[in-house]
Amino acid sequence: MSASTSSAVGEYFTRLYERASELVTSMTQPQDNESRPLLHGQSSNTEYGATTDNSIPVPKPRKVVTPIKVEAKVWFANERTWISWLRASLLIGTLALALFNSASYYDPVPGSEVPTGNPAAAKTVRAFGIIYALISAFILLWGLYSYQRRVTLIKMRWPGSFGTDQAIRPVTRLLSKRMVTVNLGTVYKGSPSGKIIESKGGDRELRPNDVVIDIAYSGLCGTDLHYRKADMVLGHEGVGVVSQVGPEVTKIKVGDKVGWGYNHGSCGYCDQCWNGFDILCGDRQMYGEADLDFGSFGDRAVLDALFVHKLPEGMDLSLAGPLQCGGATVYSAIVNAGVKMNERVGVLGLGGLGHLAIQYLAKMGCDVVVLSGSENKKQQALELGANEFVATKTNPTFEGVKPINYLLVSTSFQPDWKQYFKVLAPRAKVVPLTVSFEEMKHPYAELVFYEYSITGSVVARRLVHRQMLEFSARNNIKPIVEFLTMDEAGVNEAFERLDKGDVRYRFVLKNPRFKSPV
Numbered sequence: 001m002s003a004s005t006s007s008a009v010g011e012y013f014t015r016l017y018e019r020a021s022e023l024v025t026s027m028t029q030p031q032d033n034e035s036r037p038l039l040h041g042q043s044s045n046t047e048y049g050a051t052t053d054n055s056i057p058v059p060k061p062r063k064v065v066t067p068i069k070v071e072a073k074v075w076f077a078n079e080r081t082w083i084s085w086l087r088a089s090l091l092i093g094t095l096a097l098a099l100f101n102s103a104s105y106y107d108p109v110p111g112s113e114v115p116t117g118n119p120a121a122a123k124t125v126r127a128f129g130i131i132y133a134l135i136s137a138f139i140l141l142w143g144l145y146s147y148q149r150r151v152t153l154i155k156m157r158w159p160g161s162f163g164t165d166q167a168i169r170p171v172t173r174l175l176s177k178r179m180v181t182v183n184l185g186t187v188y189k190g191s192p193s194g195k196i197i198e199s200k201g202g203d204r205e206l207r208p209n210d211v212v213i214d215i216a217y218s219g220l221c222g223t224d225l226h227y228r229k230a231d232m233v234l235g236h237e238g239v240g241v242v243s244q245v246g247p248e249v250t251k252i253k254v255g256d257k258v259g260w261g262y263n264h265g266s267c268g269y270c271d272q273c274w275n276g277f278d279i280l281c282g283d284r285q286m287y288g289e290a291d292l293d294f295g296s297f298g299d300r301a302v303l304d305a306l307f308v309h310k311l312p313e314g315m316d317l318s319l320a321g322p323l324q325c326g327g328a329t330v331y332s333a334i335v336n337a338g339v340k341m342n343e344r345v346g347v348l349g350l351g352g353l354g355h356l357a358i359q360y361l362a363k364m365g366c367d368v369v370v371l372s373g374s375e376n377k378k379q380q381a382l383e384l385g386a387n388e389f390v391a392t393k394t395n396p397t398f399e400g401v402k403p404i405n406y407l408l409v410s411t412s413f414q415p416d417w418k419q420y421f422k423v424l425a426p427r428a429k430v431v432p433l434t435v436s437f438e439e440m441k442h443p444y445a446e447l448v449f450y451e452y453s454i455t456g457s458v459v460a461r462r463l464v465h466r467q468m469l470e471f472s473a474r475n476n477i478k479p480i481v482e483f484l485t486m487d488e489a490g491v492n493e494a495f496e497r498l499d500k501g502d503v504r505y506r507f508v509l510k511n512p513r514f515k516s517p518v
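Sequential numbering from 1 applies to the sequence shown in the UniProt record's numbering.
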């Protein structure tokens with residue numbers, strides 16, 4: 001090959017490389033005003049937070065990861081990998097084109113009287129060109145598959161619709177199985193008027209690590225009252241039977257009886273998650289904050305298998321719902337406070353939480369003291385396992401009552417802290433479980449001089465939730481419930497009566513559309 005020919009080939013290769021680089025740059029640099037803020041995470045989309053009207057003192061839900069923000073997260077998480085694959089594919093493809101182009105220099109010149117060219121060399125160069133073209137195509141397809149795979153894994157943490165991967169999905173469907181879509185069936189949502197309305201649920205993708213739960217029963221929690229005017233599917237104490245599982249689910253199978261709690265997702269990588277406190281993760285997916293399109297007041301739920309809890313053998317499915325939040329909340333508070341057997345523990349308020357707390361503490365061997373306004377619930381408190389009952393309206397100064405080491409507050413409102421500090425032993429711990437948005441006012445000097453501790457306790461982390469279920473089954477701990485039908489009339493009746501305090505002690509809604517998949 002002459003020097004001029006080599007120079008021409010070199011210039012041609014250089015131009016191809018420059019054009020390939022320009023193509024990559026144009027594909028990865030946003031050219032419009034809308035995409036720039038998206039790639040820099042400046043979206044102001046906040047439509048995914050549940051809101052209520054001012055008649056209910058609900059705190060503004062924390063800012064959650066919305067699909068448009070997840071798109072930016074997905075892009076940055078995969079940009080380097082994807083661009084590396086694309087560059088490699090384009091460069092090798094450019095080399096293949098150069099080889100095809102250079103092969104023509106070895107071809108015989110048509111009509112020449114003198115033999116020219118080198119057919120064997122031309123054939124060899126073209127063969128290498130074909131090989132490099134195949135390698136380029138393989139790298140491109142593998143890069144697309146790798147990208148789609150990463151997006152799928154991130155979807156397991158941040159459910160929602162993604163725009164970034166839509167363009168390449170038709171290609172990657174050739175390499176991976178298409179995702180299954182699950183319809184959520186009938187659901188019950190809040191409305192601005194406060195009336196619960198029946199609605200048609202949407203579709204959710206069954207991701208690799210997801211399970212589909214056909215909901216049989218759901219408990220009604222006091223927290224649900226705060227969201228009845230929000231445009232979201234209600235309920236978070238659901239139990240049912242698994243009807244489908246994703247391809248990567250190994251610990252749960254179709255036919256398992258399961259439940260889920262207040263939190264159903266987290267990032268899995270922050271300090272809190274690594275320490276087992278997924279409930280404190282900055283990206284936690286809690287009821288009322290994320291995934292507002294499904295809840296336990298419906299026919300089906302699609303959840304990450306890591307946040308689904310198998311019910312112990314023999315546990316009554318119809319009574320397991322209230323344990324998923326109510327039981328988990330009080331059991332977690334007992335564990336977090338470090339309560340030990342033989343210690344004197346007060347339970348303030350005998351209701352949905354209090355009646356479960358009494359049972360747990362009694363089975364743990366504690367000296368349980370129930371504090372309630374009147375004598376109306378004394379007999380039931382003693383039957384549940386309480387050792388002592390104090391009517392606080394009759395004995396507001398706790399005369400003759402031995403001081404307590406722990407106080408679990410399970411009332412529906414904040415108590416008079418000054419009054420209840422009188423019954424605390426030195427170094428006692430107070431664990432408020434009341435959902436209240438008012439300021440906490442208590443005697444400061446007594447808190448310091450007697451070394452009292454006030455500690456918060458949110459719902460149970462996954463390990464404690466599982467231990468709660470096992471402890472409940474082993475010790476025959478059951479909620480006292482009243483059953484209603486999960487239809488529009490039954491759900492509204494449950495909300496109205498719970499708001500008035502007309503229930504002992506939990507409502508359970510039975511789904512009339514449930515049919516066991518096995």
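Even glycine gets a Cβ: it sits at the ideal position worked out from N, Cα and C.
Beta-carbon proximity of residue i to residue j, cut-off 8 Å
i: residue 284; j: residue 291; result: no
i: residue 325; j: residue 221; result: yes
i: residue 254; j: residue 243; result: yes
i: residue 196; j: residue 488; result: yes
i: residue 332; j: residue 193; result: no
i: residue 199; j: residue 182; result: no
Rounded C-alpha distance that separates residue i from residue j
i: residue 544; j: residue 395; result: Outside the displayed span of the chain (1 to 518) sits residue 544, for which this structure offers no information.
i: residue 223; j: residue 294; result: 16 Å
i: residue 414; j: residue 298; result: 32 Å
i: residue 455; j: residue 231; result: 32 Å
i: residue 263; j: residue 496; result: 25 Å
i: residue 466; j: residue 372; result: 30 Å
i: residue 355; j: residue 271; result: 34 Å
i: residue 478; j: residue 319; result: 7 Å
i: residue 411; j: residue 349; result: 5 Å
i: residue 482; j: residue 211; result: 29 Å
i: residue 131; j: residue 94; result: 12 Å
i: residue 346; j: residue 408; result: 6 Å
i: residue 225; j: residue 137; result: 57 Å
i: residue 424; j: residue 432; result: 14 Å
i: residue 381; j: residue 480; result: 12 Å
i: residue 219; j: residue 491; result: 11 Å
i: residue 203; j: residue 267; result: 23 Å
i: residue 205; j: residue 185; result: 14 Å
i: residue 511; j: residue 215; result: 7 Å
i: residue 493; j: residue 302; result: 27 Å
i: residue 90; j: residue 126; result: 18 Å
i: residue 435; j: residue 464; result: 21 Å
i: residue 438; j: residue 286; result: 22 Å
Local conformation of residue i per DSSP, three classes
i: residue 401; result: coil
i: residue 239; result: strand
i: residue 51; result: Here residue 51 scores only 44 on pLDDT, less than 50, and its place in the model is too uncertain to base an answer on.
i: residue 139; result: helix
i: residue 465; result: helix
i: residue 363; result: helix
i: residue 420; result: helix
i: residue 344; result: strand
i: residue 474; result: helix
i: residue 244; result: strand
i: residue 198; result: strand
i: residue 565; result: The question about residue 565 has no answer, for the chain in this structure spans 1 to 518.
i: residue 335; result: helix
Residue i burial status per 10 Å Cβ neighbour count (16 or more: buried)
i: residue 260; result: buried
i: residue 237; result: buried
i: residue 351; result: buried
i: residue 393; result: exposed
i: residue 516; result: exposed
i: residue 461; result: buried
i: residue 209; result: buried
i: residue 499; result: exposed
i: residue 217; result: buried
i: residue 507; result: buried
i: residue 329; result: buried
i: residue 247; result: exposed
Residues near residue i by beta carbon distance below 6 Å, same chain, minus five either side
i: residue 312; result: 469, 470 and 473
i: residue 343; result: 366 and 405
i: residue 446; result: 421
heavy atom of the ligand SAM below 7 Å from residue i C-beta
i: residue 300; result: As for the ligand SAM, it is missing from this structure, which has no ligand bound.
Contact set for residue i: own chain, Cβ-Cβ below 7 Å, skip 5 residues either direction
i: residue 397; result: 422
i: residue 368; result: 345, 347, 358, 361, 362, 385, 386 and 387
Close Cβ partners of residue i (< 8 Å) along its chain, the five nearest in sequence each way excluded
i: residue 252; result: 211, 242, 245, 258, 305, 308 and 310
i: residue 443; result: 417, 418 and 421
i: residue 282; result: 267, 270 and 272
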